[in-house]
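Protein sequences appear in the order of chains G and B. The first sequence maps to residues 233 to 958 in the numbering used here. The second sequence maps to residues 233 to 958 in the numbering used here. Ideal Cβ placement from N, Cα and C applies to all residues, glycine included. Everything below concerns the one structure shown next.
Number of protein chains: 2
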Amino acid sequence: MDTRSFLRFFFLTLCIAVALLFTWAHLPYGPPYASDLLDCSTNSAWCSSKNRLQSKPPSPTRRLRDHASDTPHHPLDPLTLPEITAVRSILSSHALFASSSSHALHSVDLQEPDKSLVLRWHHGDPLFPRKATVVARVDDMSHVLTVDLTTREVTVEDTASHSGYPTMTLEEMTAATWVPLMNADFNRTIVQRGVDLTDLACLPLSTGWYGKVEEKRRLIKVQCYSTKDTVNFYMRPIEGLTVLVDLDTKQVLEISDKGGSIPIPKAANTDYRYSAQKPNQVLKLLKPISIEQPNGRSFTVEDDHLVKWANWEFHLKPDARAGVIVSQAKVRDPNTGEFRDVMYKGFTSELFVPYMDPTDAWYFKTYMDAGEYGFGLQAMSLDPLNDCPRNAYYMDGVFAAADGTPYVRSNMVCVFESYAGDIAWRHTECPITGMQIREVRPKVTLVVRMAASVANYDYIIDWEFQTDGLIRVKVGLSGILMVKGTSYENVNQVSSPENLHGTLLSENVIGVIHDHYVTFYLDMDVDGSDNSFLKVNLRREQNSPNESPRKSYLKATKTVAKTEKDAQVKLKLYDPSEFHVINPTKRTRVGNPVGYKLVPGGTAASLLDLDDPPQKRGAFTNNQIWVTPYNRSEQWAGGLLVCQSQGEDTLAVWSDRDRPIENKDIVLWYTLGFHHIPCQEDFPIMPTVSSSFDLKPVNFFESNPILRTPPNVETDLPVCVAAASA
Amino acid sequence: MDTRSFLRFFFLTLCIAVALLFTWAHLPYGPPYASDLLDCSTNSAWCSSKNRLQSKPPSPTRRLRDHASDTPHHPLDPLTLPEITAVRSILSSHALFASSSSHALHSVDLQEPDKSLVLRWHHGDPLFPRKATVVARVDDMSHVLTVDLTTREVTVEDTASHSGYPTMTLEEMTAATWVPLMNADFNRTIVQRGVDLTDLACLPLSTGWYGKVEEKRRLIKVQCYSTKDTVNFYMRPIEGLTVLVDLDTKQVLEISDKGGSIPIPKAANTDYRYSAQKPNQVLKLLKPISIEQPNGRSFTVEDDHLVKWANWEFHLKPDARAGVIVSQAKVRDPNTGEFRDVMYKGFTSELFVPYMDPTDAWYFKTYMDAGEYGFGLQAMSLDPLNDCPRNAYYMDGVFAAADGTPYVRSNMVCVFESYAGDIAWRHTECPITGMQIREVRPKVTLVVRMAASVANYDYIIDWEFQTDGLIRVKVGLSGILMVKGTSYENVNQVSSPENLHGTLLSENVIGVIHDHYVTFYLDMDVDGSDNSFLKVNLRREQNSPNESPRKSYLKATKTVAKTEKDAQVKLKLYDPSEFHVINPTKRTRVGNPVGYKLVPGGTAASLLDLDDPPQKRGAFTNNQIWVTPYNRSEQWAGGLLVCQSQGEDTLAVWSDRDRPIENKDIVLWYTLGFHHIPCQEDFPIMPTVSSSFDLKPVNFFESNPILRTPPNVETDLPVCVAAASA
């Protein structure tokens with residue numbers, strides 16, 4: 233080393249030392265303590281922006297509830313705060329934990345009683361013994377435990393046979409983002425890139441599984457961003473820098489640093505907060521508008537979880553992994569007045585979000601958000617008046633921290649009646665018949681909503697119930713893109729734009745192409761548990777010239793799926809079918825089997841190679857529709873333990889067992905898909921894009937079930953004045 | 233003839249004679265007189281149900297407007313009432329009409345000035361000379377006329393080269409339904425079927441074209457129903473009885489009577505009117521709910537047709553054939569404050585509704601509702617509070633009767649702001665990053681709606697404008713099924729249910745399988761008229777093992793369509809593309825061409841044989857997307873003259889000329905499709921089924937155009953009380 237080299241080395245080392253010292257003194261956010269996390273999670277105010285222009289006093293529907301004395305009322309009610317405390321206490325005295333050097337609870341959930349028991353249970357009956365399912369890591373081993381809250385008995389199941397690891401805890405994800413800062417090489421790079429360590433924000437990115445590297449140890453990849461001059465650090469990536477961290481030991485295993493020459497995009501025009509907009513640029517486009525219910529809501533939520541609205545009744549609960557779970561959805565038959573089973577359980581089972589860039593810092597980004605991050609854990613408190621309309625009811629989530637301490641995620645789910653001005657049914661007679669008829673009924677629906685912010689992306693999940701018996705499940709995508717830094721400032725500098733793997737959104741910012749798949753578990757019980765899956769295929773029939781002046785027409789052919797493989801469906805525009813879940817033993821007055829049909833909306837199919845490791849793990853997206861026989865262990869389409877899993881426990885594997893599904897208790901699975909080629913309008917935050925599918929009664933009712941509902945009349949509507957004049 | 237035969241004959245004849253006499257004395261609705269039709273059409277009260285429980289005093293927004301002194305303000309404003317009167321007067325003195333023995337005006341519309349002129353016109357400039365395009369039948373010949381309202385000059389174009397005939401007039405359709413009653417055979421059949429002639433309701437059904445029979449004369453097929461004990465006569469078909477009528481001579485040409493053994497379905501449970509429901513069966517499921525705007529609407533309608541809302545501005549007019557036409561839609565750029573062109577003209581160009589039953593009484597049912605019946609002519613007055621919410625603004629249609637007399641269809645179109653509780657964009661930071669961010673903006677849209685009742689079916693057409701620049705076009709289907717009588721009362725009596733050609737909906741009622749295709753004309757002008765059509769295709773790329781741990785990813789490849797055939801698109805789930813209309817000469821700051829993309833929603837493809845006569849006529853459904861160079865004569869996808877056309881003037885024929893479309897003024901065509909296999913819930917009236925597509929900005933704006941819009945705050949929202957307490 234010559235003198236100049238030495239001086240350069242000395243200077244650099246000094247810089248780093250100073251930077252490290254400075255870092256610890258000025259960290260933008262402190263390293264997490266359990267109490268911080270709890271504080272965050274128990275106090276919804278923590279999660280509200282300090283930058284909002286006005287404080288909103290909590291209204292009666294949004295008061296912070298004390299959950300300390302919650303008790304369960306229904307067999308499906310989630311674990312209460314006292315129950316989670318009890319689980320923690322039982323486990324802490326259990327040999328496995330007492331003797332361990334380290335342990336963490338990755339999930340603590342109600343173990344739902346057997347379906348047969350729940351179906352027999354009636355309001356007022358005593359509850360079944362309450363049990364919890366706990367997924368824990370103890371001394372670097374995963375365990376699935378059953379904790380009996382009555383007997384305090386603990387059953388331990390070893391999961392060594394599984395390739396995957398449990399959903400990460402918030403605590404270890406947060407801790408992982410701090411690990412790189414302990415590494416001098418990392419800090420040097422950051423400084424070299426011109427980023428002040430105080431401006432660093434890092435994200436814990438699940439690694440997926442690609443071979444030996446990802447086997448036999450829990451890993452996380454950390455990538456970082458500059459928060460300087462914007463809260464929207466996602467738009468300021470420190471490109472090409474990936475730190476591989478051991479999640480158990482919290483050690484840096486490897487630093488990949490390949491983007492040194494890529495500038496960090498500017499902060500200008502990235503901050504999306506209202507408070508950060510220049511007052512003269514604010515666009516007040518619209519006068520106030522509101523959904524108003526002068527006589528109050530038309531629904532009730534009994535015992536905190538049982539929603540009763542119009543002709544619907546269902547059990548609703550927040551869930552750390554699924555977000556929300558809708559159970560025992562029943563609709564009242566207008567003829568008999570009796571409630572009829574529609575769906576035993578429905579929820580977001582898994583997500584799969586592969587990015588389409590094969591390079592070092594991007595290839596692994598193939599997220600499975602429910603199993604890896606916890607879709608419910610990432611669902612923050614909703615913003616009243618903006619996430620949900622004024623007439624919304626809010627429901628809290630109660631979850632367990634990694635040490636078993638319960639915490640409350642307030643206002644995590646909202647329920648509201650929606651009226652957009654739409655029409656439930658109508659008919660006008662026209663001048664040809666000369667009859668004076670104009671009969672129209674407005675369409676009002678009940679929406680259940682949650683919004684999960686899985687780091688940058690926001691997923692809005694709506695379960696919408698219609699009085700005509702239809703259930704619409706809608707997924708909205710908003711939030712912030714995961715972008716890639718680039719030297720390019722203009723497309724005209726790029727010789728092969730398709731090799732950008734995305735769109736140049738702003739100077740030095742590429743929005744990388746990616747897909748979103750959201751797979752729903754739909755345990756349909758149409759008038760009882762034993763159902764069949766019926767495909768009604770439309771095919772062209774040719775007529776001979778003597779038969780008809782028409783050469784062709786479409787004929788519907790019905791086929792009942794005998795086994796699982798008969799029900800693996802890829803949708804085809806030119807080979808269309810309807811997909812019915814029917815009760816083959818129950819028929820309408822004129823003899824049609826009662827049923828519900830799955831009506832796919834706009835969707836996308838995964839086009840990745842079936843042998844590509846991420847597609848093996850996300851093999852539940854190989855088809856848009858699957859049907860499996862009910863099996864209480866088969867609920868998570870990507871497997872129970874998803875982190876770094878190898879795809880041996882997915883819906884695709886279960887379904888390939890090809891079990892009989894005719895006239896059985898069956899589960900329908902549907903995947904909504906989105907291809908997302910970003911565009912400049914998605915910068916710096918994306919307008920919501922939505923897609924949906926429907927569960928629609930088909931010969932379930934004898935006739936239109938909302939024939940007898942009255943129209944709107946002026947005298948029923950509210951009398952309103954502007955707030956200022958009130 | 234023996235005595236018994238003679239007696240039987242005599243008795244029958246007597247019956248018929250008595251029936252005929254009785255008929256004329258007790259006709260359920262009188263034969264039409266011009267004044268009746270006008271009365272119906274000019275007076276919206278005529279069209280409101282006499283059966284509604286309460287009368288609604290017209291509110292200021294729904295007052296009946298006097299159009300007698302209307303004047304045009306914009307080059308695209310529709311013909312005013314005085315202008316139509318002038319057209320009538322000019323034509324009545326024209327040689328062609330003065331010397332004719334019979335004539336009828338089938339359409340009287342504004343002849344829009346050349347697009348180049350309109351684009352140069354500014355508010356305040358004098359209007360161009362106003363002209364009308366009239367399609368008339370004079371002495372059994374079709375003519376397309378141009379009437380210059382200033383010079384009173386008339387230019388006559390012969391249309392002998394066209395195979396088709398003009399849109400039917402309401403008058404001749406109504407008259408046609410009376411023709412069968414003049415026929416003794418027909419009346420005998422009716423009586424034999426057990427239907428009282430006073431209970432008869434007949435429909436004029438367009439015949440389509442199947443060969444020689446339908447050539448060189450204007451035809452209509454009339455089928456009838458029993459109105460006994462129900463207004464929902466559609467559910468009581470007199471099956472298999474089809475009367476072929478000459479529309480010009482009003483003569484019965486042929487009676488096909490093949491369903492004598494099929495009973496007429498019962499009336500029970502078919503009446504859908506609120507007044508016909510038994511009070512104890514009324515389902516009042518919900519408390520009142522309303523969209524309220526305490527400070528008034530956020531939009532204005534200048535000069536009756538220019539709608540200005542938020543960042544949008546567009547010209548809106550009712551149209552006898554298209555229903556509504558949206559013109560010169562422009563959106564304000566949030567950076568420059570200037571309005572930018574998006575779409576020069578958009579409307580429902582044609583519908584195609586083929587039924588899937590090849591038998592005698594059904595094969596011909598392959599309707600093209602816009603060109604045959606007039607989609608706007610069939611759009612009746614909307615029902616305030618039910619068709620549109622309380623905050624809606626209403627627009628009247630002014631059309632011409634067959635004799636040229638103008639009439640007003642009041643409240644034919646509504647415009648309202650909609651808020652369903654949805655989210656325009658959002659982001660919450662999660663505990664991992666520890667930032668206190670919760671920014672959410674509510675989504676409010678502007679909806680333009682009309683509802684056409686083409687006999688039984690009701691089509692709800694919504695043009696929905698979003699502040700983020702997106703236009704959603706939604707088609708809702710409601711109204712009443714066209715059903716088929718059958719002897720079957722239960723599916724268990726049917727040996728081959730697929731040969732029913734539909735679903736048994738009730739005893740003796742089959743809902744016949746059919747498709748709906750709705751084709752939209754979308755003259756996109758993205759920042760100017762010259763645009764290109766760009767396909768962004770996503771394809772799987774394979775990686776070699778050395779390149780990446782990933783085996784595959786998706787790459788976007790862009791192709792600009794050079795000629796029309798490059799832009800004939802069949803959608804494929806497994807070969808996905810985005811479809812952009814771009815302005816190749818205008819780029820964003822970072823160099824992306826500005827564009828709008830067509831985002832297809834759930835759709836269906838026509839599967840009929842391409843050589844099947846109806847599919848030749850409906851060949852515009854052979855692809856879901858087409859792009860043609862702008863040509864003012866190519867607006868109606870099924871041709872200008874659609875009745876009995878042979879398909880030589882359709883979009884498919886134009887497109888096969890394969891003209892250049894790169895960097896030209898281009899028109900985008902999109903077809904929404906529905907396969908409809910009826911179910912019992914559709915009986916006796918169908919809950920609305922919807923589908924939609926979007927026109928979405930893609931690199932049109934430099935960034936999210938609604939970044940700077942404020943969130944909802946409590947203090948802006950209205951203060952409401954129940955009507956009863958007001």
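Residue i - DSSP class collapsed to helix/strand/coil
{"i": "residue 806 of chain G", "result": "coil"}
{"i": "residue 455 of chain B", "result": "strand"}
{"i": "residue 390 of chain G", "result": "strand"}
{"i": "residue 324 of chain G", "result": "helix"}
{"i": "residue 853 of chain G", "result": "helix"}
{"i": "residue 414 of chain G", "result": "helix"}
{"i": "residue 773 of chain G", "result": "strand"}
{"i": "residue 329 of chain G", "result": "helix"}
{"i": "residue 735 of chain B", "result": "strand"}
Outcome for residue i when other beta-carbon atoms lying within 10 angstroms are tallied against a minimum of 16
{"i": "residue 748 of chain G", "result": "buried"}
{"i": "residue 701 of chain G", "result": "buried"}
{"i": "residue 491 of chain G", "result": "buried"}
{"i": "residue 670 of chain B", "result": "buried"}
{"i": "residue 889 of chain B", "result": "exposed"}
{"i": "residue 724 of chain G", "result": "exposed"}
{"i": "residue 789 of chain B", "result": "exposed"}
{"i": "residue 661 of chain B", "result": "buried"}
Residue i at chain C interface by Cβ criterion, 9 Å
{"i": "residue 347 of chain B", "result": "In summary, chain C is missing from the structure at hand, where the protein chains are G and B."}
Nearest candidate by alpha-carbon position, reference residue i, set the options
{"i": "residue 775 of chain G", "options": "B:934, B:588, B:707", "result": "B:588"}
{"i": "residue 440 of chain B", "options": "B:877, B:915, B:478, B:632", "result": "B:877"}
{"i": "residue 941 of chain G", "options": "G:882, G:674, G:785", "result": "G:674"}
{"i": "residue 489 of chain G", "options": "G:448, G:453, G:680, G:543", "result": "G:453"}
{"i": "residue 529 of chain B", "options": "B:933, B:540, B:536", "result": "B:540"}
{"i": "residue 839 of chain G", "options": "B:804, B:427, B:352", "result": "B:804"}
{"i": "residue 424 of chain G", "options": "G:494, G:323, G:624", "result": "G:494"}
{"i": "residue 855 of chain G", "options": "G:335, G:751, G:395", "result": "G:751"}
{"i": "residue 811 of chain B", "options": "B:632, B:902, B:319, B:555", "result": "B:902"}
{"i": "residue 679 of chain B", "options": "B:507, B:475, B:707, B:509", "result": "B:707"}
9 Å Cβ cutoff met for residue i and residue j
{"i": "residue 549 of chain G", "j": "residue 757 of chain G", "result": "no"}
{"i": "residue 893 of chain G", "j": "residue 796 of chain G", "result": "yes"}
{"i": "residue 816 of chain B", "j": "residue 801 of chain B", "result": "no"}
{"i": "residue 520 of chain G", "j": "residue 731 of chain B", "result": "no"}
{"i": "residue 914 of chain B", "j": "residue 761 of chain B", "result": "no"}
{"i": "residue 872 of chain G", "j": "residue 603 of chain G", "result": "yes"}
{"i": "residue 543 of chain B", "j": "residue 563 of chain B", "result": "yes"}
Identity of the residues DSSP links to residue i by a beta bridge
{"i": "residue 646 of chain G", "result": "G:626, G:681"}
{"i": "residue 960 of chain G", "result": "Only positions 233 to 958 of chain G appear in this structure, which leaves residue 960 of chain G out of reach."}
{"i": "residue 561 of chain G", "result": "G:575"}
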